[in-house]
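2 protein chains.
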Amino acid sequence: MARTVADKSDTLEPLARVFREHGYEGASVSMLCEATGLGKGSLYHFYPKGKAEMAATVLAAWDGWFETNVFLPLRSAEDGKQAVGAMLDSLTETYRSGRRICIFGMLALGSARDEFASAISGYFEKWIDALEVPLEQAGVDDPRVVAQEIIASIQGAIVLARALDDAELFNNAMVRIRKQYVS
Amino acid sequence: MARTVADKSDTLEPLARVFREHGYEGASVSMLCEATGLGKGSLYHFYPKGKAEMAATVLAAWDGWFETNVFLPLRSAEDGKQAVGAMLDSLTETYRSGRRICIFGMLALGSARDEFASAISGYFEKWIDALEVPLEQAGVDDPRVVAQEIIASIQGAIVLARALDDAELFNNAMVRIRKQYVS
DNA sequence: GTCTATAAAGCGATAGAC
DNA sequence: GTCTATCGCTTTATAGAC
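Protein chains in written order, with our numbering: chain A, 1 to 183; chain B, 1 to 183.
Structure representation (structure tokens):
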């Protein structure tokens, strides 16, 4: 069938979806072709180094999205408590109350961790650094450790919500974090 | 080379190690053969249904280990706070301060979740049920929700410790849980 | 930039000798 | 219970026509 000309940026969302839903090893090029609506030739035209380059590009895009929509607002907040609350709201939507997983967290637990180690650690380091700012502003003791705890709680809530197939569990975790640290 | 007769139970540890380190999709039968020191014929003799049966058996073995060494002590504890503390110590060793991951948590984030859904959810449900007992005994408010939070924190600590390659992060999380709920 | 055809390797799984 | 050989299929990746 005739196919319209695609832009590389159009592939990012379907690519991310497949990696999120199947993991790095579980995502095959065939799946990635089907999701993007492109043949192998087209996909390899955009990503000459193949699957690894697709995943790296997806990670970079998510990292950028978080930088703009999560990290930057945290760093530049005027009201610390309000900023952390806004982050929790934003993440609840982004992660679909735990129905969607964090692609960085997923990769951290898999065997592809080593290949993407710097992207994964860079992402979490930036998150911790950013979250520390409003926590300190809000007068929280040991803001860096608390930032780590909050991020770990969010990642754990995703794991548990998915394991038990219970989105309410994720939402409860967000409520608890809010009450405990910023209300 | 001549090979000594193997027992099926001898395969469980190497099998578990490969699944933990490579994920379900990432673990190939060749790897599983090499880790167990058995040829494909031998491995399929023990596990006629192949890789899926190997993983299911590994999960059942871990479930059994947790039942005996973690869940049962929690349920039958006389001192609630002491029992939760003992669990945290035990898990710190079991998970090697986050250097080792939880195979159930890993599967929950991957695409094999659906295939092993009941094993995964059963494991976490038993854990929550068991942990609720000593928490209630210790006078903690809303012990079931707190049990869920603690387990999520542990899973999240594994994710974050692995993402940042920092075992101290896991240990700090265990210390925080102890301080917050059972000291 | 798109596609189809194809290559080479690895996959999970099986058969059958010992 | 162990092994080797092999099957059929899918994998990632490439080549080359359009």
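Glycine included, C-beta positions come from ideal geometry on N, C-alpha and C.
Here A/Asn69 is exposed. Its C-beta has fewer than 16 other C-beta atoms within 10 Å. Taken atom to atom, the span from the alpha-carbon of A/Met54 to that of A/Glu34 is near 14 Å. With contacts defined as CB atoms closer than 7 Å, B/Phe46 and B/Gly98 fail to qualify as a contacting pair. DSSP places B/Phe66 inside the alpha helix (DSSP H), whose first and last residues are Lys51 to Phe66.
Exclusion of the five residues before and after A/Arg100 leaves no residue of its chain whose Cβ lies closer than 6 Å to its Cβ. Put simply, the segment 126-146 of chain B does not touch the segment 140-149 of chain A. Fewer than three CB pairs are less than 8 Å apart. By the Cβ test, the segment 165-181 of chain A is not in contact with the segment 70-78 of chain A, since fewer than three Cβ pairs between them sit closer than 8 Å. Taking C-beta atoms as the reference points, B/Leu59 and B/Met174 fail to come closer than 7 Å. For the segment 1-35 of chain B, the beta-carbon criterion of a distance under 7 Å to any beta-carbon of chain A is satisfied by Glu21, His22, Gly23, Glu25 and Gly26. If you ignore the 5 residues before and after B/Phe19, its C-beta comes within less than 7 Å of the C-beta of Ala27, Ala55, Val58 and Ile103, all in its own chain and listed in chain order.
Note on the segment 114-155 of chain A: whole alpha helix (DSSP H) runs with a minimum of 4 residues are 117-137, in chain order. Less than 7 Å separates the beta-carbon of A/Leu109 from that of B/Leu109. The continuous alpha helix (DSSP H) containing A/Gly26 extends over residues Leu12 to Gly26. Taking 7 Å as the threshold, the shortest C-beta distance from A/Val70 to chain B does not fall below it. The DSSP-derived three-state label of B/Arg99 is coil. Contact of B/Met106 with chain A is assigned, a C-beta pair being separated by under 7 Å. Around A/Val140, the same chain offers Val146 and Tyr181 as residues with beta carbons nearer than 7 Å, after the five sequence neighbours per side are excluded. In the three-state reduction of the DSSP assignment, A/Glu93 falls in the helix class, which pools H, G and I.
In summary, A/Ala163 is buried, with 16 or more beta-carbon neighbours lying within 10 Å of its beta-carbon over all protein chains present.
Closest in alpha carbon position to B/Thr11, among B/Asp114, B/Asp129 and B/Tyr44, is B/Tyr44.
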